[in-house]
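See below for the structure under consideration.
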Amino acid sequence: MNKKELKIFLDEKAIQYERPDFIPHDPIQIPHRFEKKEDIEITAFLTATIAWGNRKSIITNATKLMEIMGNEPHEFILNYHPDQADRFEGFVHRTFNATDLETFIRALQNIYHHHNGLEALFASGISKEGLQPAISHFKQVFFEVSHQQRTQKHVSDPLRNSAAKRINMFLRWMVRDAKAGVDFGIWKNISPSLLSCPLDVHTGNVGRKLKLLSRKQNDAKSLAELDASLRKLDPNDPVKYDFALFGLGAFEGF
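Just so you know, the sequence shown maps onto residues 224 to 477 in this note's numbering.
Below, the structure written as structure tokens:
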């Protein structure tokens, strides 16, 4: 395919897969249960944090997280006290355990009390290079609270060559327009043009087959290459192609 044919093909696939009937099969269903902005973004961030492995398990454990917080995540975080840490006992999703969760709750509390919330914190770290430096800045602030070293692995850092797939997915959820009924578009201070594709096995493999990506590793350098290719197809909304690439790989075995 030439560039024009490729764009037509991927535009059609993006429309095909960016549909509300995608939601019941995806972890994005968890934040879709809420209406308040802060509840949506907190739920989305925590769900994205544990979004690896079996989808059913992700959805089950993200639901448990919300139940732990009384299905009022923003209110719970604002008023959390370490005396409540026993509420997290027994929670585990793969390598993310109760200790990690307690740290995340305190880190989010610090962000809402002292950094004007998640949107303001990410927006404050934007540079001409886009959102990847903002993610690195976010991680620095996130771990201002006391924590075990092991917990740091659950927040990726693009400046250490991570593709930061789950955080880029979270940012897509928050920033992209809600008109298709999938993403939320509740963050108005960050442009969709700055978003990066959540690079995983499916998007990476399909990207390589379509010659959007040449590097074999799914790392920050590969993400930069894929982003550059997708921005040429649509500079204003490059990450809409996440739906196309993921759908082609996960559902069509492309």
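Note that the Cβ used here is the ideal one computed from N, Cα and C, for glycine as well. Predicted, not measured: the structure shown is a model, and the values here were computed from it.
Selection from the options that minimises the alpha carbon distance to residue i
| i | options | result |
| --- | --- | --- |
| residue 431 | 472, 443, 454, 460 | 472 |
| residue 329 | 316, 305, 320, 242 | 305 |
| residue 425 | 475, 410, 232, 362 | 475 |
| residue 331 | 316, 378, 315 | 378 |
| residue 295 | 253, 275, 319, 276 | 253 |
| residue 286 | 315, 375, 302, 362 | 315 |
| residue 463 | 226, 235, 364 | 235 |
| residue 381 | 364, 336, 357, 397 | 357 |
| residue 227 | 453, 318, 363 | 453 |
| residue 264 | 397, 414, 433, 416 | 397 |
CB of residue i within 8 Å of CB of residue j, strictly
| i | j | result |
| --- | --- | --- |
| residue 168 | residue 297 | Nothing in the structure corresponds to residue 168, since the chain is present only between 224 and 477. |
| residue 441 | residue 420 | no |
| residue 418 | residue 438 | no |
| residue 300 | residue 250 | no |
| residue 466 | residue 237 | yes |
| residue 428 | residue 342 | no |
| residue 233 | residue 456 | yes |
| residue 364 | residue 336 | no |
Rounded straight-line distance, which links the Cα of residue j to that of residue i
| i | j | result |
| --- | --- | --- |
| residue 527 | residue 267 | Because the chain here runs from 224 to 477, residue 527 falls outside it and cannot be looked at. |
| residue 393 | residue 346 | 14 Å |
| residue 179 | residue 451 | Because the chain in this structure spans residues 224 to 477, residue 179 falls outside the shown range and cannot be described. |
| residue 344 | residue 355 | 13 Å |
| residue 257 | residue 407 | 11 Å |
| residue 373 | residue 320 | 11 Å |
| residue 458 | residue 248 | 29 Å |
| residue 348 | residue 435 | 28 Å |
| residue 352 | residue 278 | 32 Å |
| residue 340 | residue 224 | 44 Å |
| residue 242 | residue 409 | 18 Å |
| residue 479 | residue 327 | It is not possible to answer for residue 479, since the shown part of the chain is limited to 224 through 477. |
| residue 255 | residue 395 | 14 Å |
| residue 334 | residue 469 | 32 Å |
| residue 269 | residue 229 | 35 Å |
| residue 318 | residue 350 | 32 Å |
| residue 375 | residue 273 | 14 Å |
| residue 276 | residue 283 | 12 Å |
| residue 415 | residue 461 | 8 Å |
| residue 477 | residue 325 | 40 Å |
| residue 302 | residue 362 | 22 Å |
| residue 245 | residue 307 | 36 Å |
| residue 433 | residue 231 | 13 Å |
Residue i CB to nearest heavy atom of the ligand FMN below 7 Å
| i | result |
| --- | --- |
| residue 251 | As presented, the structure is devoid of all ligands, the ligand FMN included, so that no description of it is given. |
Inset, instruction - Examine the Cβ distances between the segment 365-374 and the segment 398-411 and report whether three or more of them are shorter than 8 Å. - result: no
Inset, instruction - Could you tell me whether the segment 432-447 touches the segment 384-395, where touching means 3 or more Cβ pairs closer than 8 Å? - result: Verdict: yes, contact present.
Legend entry - Unbroken stretches of the alpha helix (DSSP H), 4 residues or longer, contained in the segment 276-345: 278-291, 296-302, 321-337
Inset, instruction - Take every Cβ of the segment 285-296, pair it with every Cβ of the segment 309-321, and state whether three or more of those distances are shorter than 8 Å. - result: yes
Inset, instruction - Ignoring anything shorter than 4 residues or poking outside the segment 447-474, list the alpha helix (DSSP H) runs there in chain order. - result: 464-473
Inset, instruction - Could I get the ranges of all uninterrupted alpha helix (DSSP H) runs contained in the segment 337-403, with 4 residues as the minimum, in chain order? - result: 340-347, 355-365, 388-398
Legend entry - Segments of 3+ residues assigned as beta strand (DSSP E) that fall wholly inside the segment 401-442: Entirely contained in the segment 401-442, not one beta strand (DSSP E) run reaches 3 residues.
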